[in-house]
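Here's the structure we're looking at; comments come further down.
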Amino acid sequence: MAQYELVLKKDGQSISTYHIGNEGLILGRASECDVVLPDSLVSRKHARVWLEGGQLKVEDLGSRNGISVNGERVVRLKVEEGDQLTVGSHTFQITKASRQKSLSDTGSLIAYDRAGELFSKMVRDPNSNQLPILYKAAQLLGTVFDLDDLLKQLLDLVFEALPCKRGFILTRPAHDDEPVVNASHSGGKDRGGPPLSQTLIHHVLEHRDAVLTHDAQTEFKGSESVVHHGITAAMCVPLCGREDVIGVIYVDSGDEEVVFKADHLKLLTAIGRVAGVAVENARLHKEAVEQERMAAIGQATAGIGHCIKNILVGVKGGAEFVDLSLETKEMKYIQKGWPLIRRSVDRMEDLVLNLVTFSREREPERAPTDVNALVKEIADTLKGQAERAKVSIELVRGELPKVSIDGLGIYRAILNLATNAIDACEEVGGKVTIRTHADDRSIYINVNDTGAGISAEFMPHLFTAFSSTKGSRGTGLGLACSKKIVTEHGGEILVSSKLGKGSKFTIVLPTQTIVSEKR
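Mapping to the working numbering: the sequence shown position 340 is 347, numbers consecutive.
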């Protein structure tokens, strides 16, 4: 029996193709029509096209504006290949389907354009037993962004809803790429490759239709994959993206007798519509993450390059004094150059340590630690730097229990705060106070300075990597690293500041880190 199609034409170009199956096609404005035409000249159910006794016929369903065949108004007429049917402002050409695309009377086909309509119709029907499956599929849209995990869960839903024995979801990275298997239920390994019909899959990718066949051996005679894997009943539907087909869902009966129904194909088509959007969302999420990663790498590279360039200025300046001393044999140039080199080496060391801390995800290596001993060591370490900056350091240590912390990490966090405090006082002189105390809930390490303070505009960016108030002297990593270390301990850093008055940073560590003295 000949198979026919309605081809929607516009400006001489083929826009959409609709296969005329055993049940025929209803054309109209209503969403439940097989061919939906959003046109004010088209009635809700405008016309019908169907096969009767091997002949193709068209009929006006009592529409307001009627139908025309080859420019003549008709009510009911037998039509042939090449005839043109006009419905409202839409013109269709009747063509015979190629043998590759035709299905026998035992099969079904759903046009690509109907996938969205099917999904909408199913979710609007409160009595539909397919609603729970579609709801679960829709839930995956905004909750699962790992592509492999997403497709595995979608295929699990398909097997929950349909009596299939084997199934695969294939996607293609670009329009012309060969599809690859992303998820499968094949009931075991097959040496001849995945047990699926490549012919059926390529048919769906090319023609964008959803296909059901009860006799693949006949429908796709000559297909090596169909014969090799003994495929009889099978369904294949497109993964409908927003603009194109991005893959397929394929299921078959395996070597068992399974009857797929037209409703099964409709449900699988609706799932394919949701799955296509979900796959696109997952790809967009992955692209966004990759773009953010590349942007972060670019920002880090620019920030590190800027820091190293500034450090090298100090090294080069110091080296020039050393060269001058070697030429003149005068030590006074060494005395000027060496401090520049030493400070630059210290800044390079700080940069490297902060980079390592900031870039690595790690669990704190906890051990019982005396925080008061840590702050004493920090004060002693910074004494020389403070004296050169004409800044005094005061240490006020309260009574603290030992705490289970990563001593090296917390040392680094406090050191960064104290170094920043000295830098804030450097131009005006001043005082830095490091104070410790505890209560029943937390221990506190305060670092106060009487320096320049921080503007309200900069406060939101205070802990952002490579943001600095020090200009060329700062790396913008110290506070970001301190916050990361404290956060890894389950703590927080509190900040208050006034321009021209100074700043106060407080590290708060929770009580669960406290080690009982009785143990």
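The beta-carbon is built from N, C-alpha and C at its ideal position, and this holds for glycine as well.
Which residues DSSP lists as bridging residue i, in chain order
i      : result
Arg445 : Note on residue identity: the sequence assigns Ala, not Arg, to residue 445. Per DSSP, Ile450.
Tyr142 : Paired residue(s): none; Tyr142 is not in a bridge.
Ile33  : Arg55
Gly174 : His192, Val258
Cys247 : Val252
Ser504 : Ser510
Leu15  : Ser23, Phe99
Ser411 : Pro375
Leu84  : Val65
Asp456 : Val439, Ser510
Start and end residues, beta strand (DSSP E) containing residue i
i      : result
Asp67  : 62-67
Cys528 : Examination of residue 528 is not possible in this model, given that the chain is present from 8 through 526 alone.
Thr93  : 91-94
Val403 : 398-404
Glu79  : 79-81
Ser75  : 74-76
For residue i, the three-state DSSP class (helix, strand or coil)
i      : result
Gln10  : coil
Lys316 : helix
Ile461 : coil
Gly114 : Since pLDDT at Gly114 reaches only 49, below the 50 mark, its modelled position is unreliable, and the value read off the structure follows with that caveat. Correct three-state label for Gly114: coil.
Gln137 : coil
Ile348 : helix
Arg106 : Bear in mind that a pLDDT of 45 at Arg106, under 50, signals an unreliable position, so the number given afterwards is only what the model happens to contain. Looking at Arg106 - three-state DSSP - the assignment turns out to be coil, as it is neither helix nor strand.
Gly509 : strand
Val515 : strand
Ile22  : strand
Arg198 : Any reading at Arg198 must be qualified, since the residue scores a pLDDT of 49, below 50, and its modelled position is unreliable; the value itself is stated next. Coil, per DSSP.
Thr220 : strand
Arg373 : coil
Met355 : helix
Gly324 : helix
Lys293 : helix
Ala1   : With the chain running from 8 to 526 in the structure shown, residue 1 is simply not present.
Lys438 : strand
Lys268 : coil
Leu48  : coil
Val286 : helix
Phe275 : The residue you asked about is not Phe; residue 275 is Leu in the sequence shown. Here Leu275 sits in helix by DSSP.
Gly478 : Note that Gly478 scores 48 on pLDDT, short of 50, meaning its location in the model is unreliable; the coordinates nonetheless yield the value given after this. Of the three classes helix, strand and coil, the one that applies to Gly478 here is helix, per DSSP.
Glu499 : strand
Asp184 : coil
Val43  : strand
Thr150 : coil
Gly305 : helix
Met466 : helix
Thr335 : helix
Continuous alpha helix (DSSP H) stretch holding residue i: start and end
i      : result
Ile417 : 414-432
Ala211 : Per the sequence presented here, residue 211 reads as Val, with Ala not at that position. Where Val211 is concerned, the enclosing alpha helix (DSSP H) stretches over 205-214.
Lys159 : 154-168
Val382 : 378-395
CB-CB length for residue i against residue j, believed under 8 Å
i      : j      : result
Leu486 : Ile412 : Not really, about 19 Å apart at Cβ, beyond 8 Å.
Val528 : Ala144 : Limits of the chain in this structure are 8 at one end and 526 at the other, which puts residue 528 out of reach.
Val398 : Ile421 : Not really, about 16 Å apart at Cβ, beyond 8 Å.
Ile4   : Val244 : Shown here, the chain extends from 8 to 526; a query on residue 4 therefore has no answer.
Pro371 : Lys409 : In fact, because the Cβ distance is near 15 Å, the residues do not count as touching under 8 Å.
Arg173 : Ser193 : 5 Å
Val43  : Leu13  : No, Val43 and Leu13 are not in contact; Cβ-Cβ is about 13 Å, not under 8 Å.
Short CB-CB distance (under 7 Å) between residue i and chain D
i      : result
Glu394 : The structure shown contains no chain D; it is built from a single protein chain.
| Are the segment 56-63 and the segment 73-83 touching by the rule of at least three beta carbon pairs closer than 8 Å? | Counting C-beta pairs with one atom in each stretch, the segment 56-63 and the segment 73-83 have fewer than three that are closer than 8 Å, which means they do not touch.
| said: When you compare the segment 348-358 with the segment 406-420, are there three or more beta-carbon pairs, one atom per stretch, that lie closer than 8 Å? | reply: Counting C-beta pairs with one atom in each stretch, the segment 348-358 and the segment 406-420 have fewer than three that are closer than 8 Å, which means they do not touch.
| query | Are the segment 36-51 and the segment 67-76 in contact at 8 Å, needing three or more beta carbon pairs? | reply | Counting Cβ pairs under 8 Å, three or more are found: they touch.
| query | So does the segment 502-511 actually touch the segment 376-391, counting three or more Cβ pairs closer than 8 Å? | reply | The segment 502-511 makes no contact with the segment 376-391; the number of CB pairs closer than 8 Å stays below 3.
| task | Evaluate the contact criterion for the segment 201-210 versus the segment 284-295: three or more CB pairs, one atom per stretch, below 8 Å. | result | Judged by pairs of C-beta atoms under 8 Å, the segment 201-210 does not touch the segment 284-295, as fewer than three such pairs exist.
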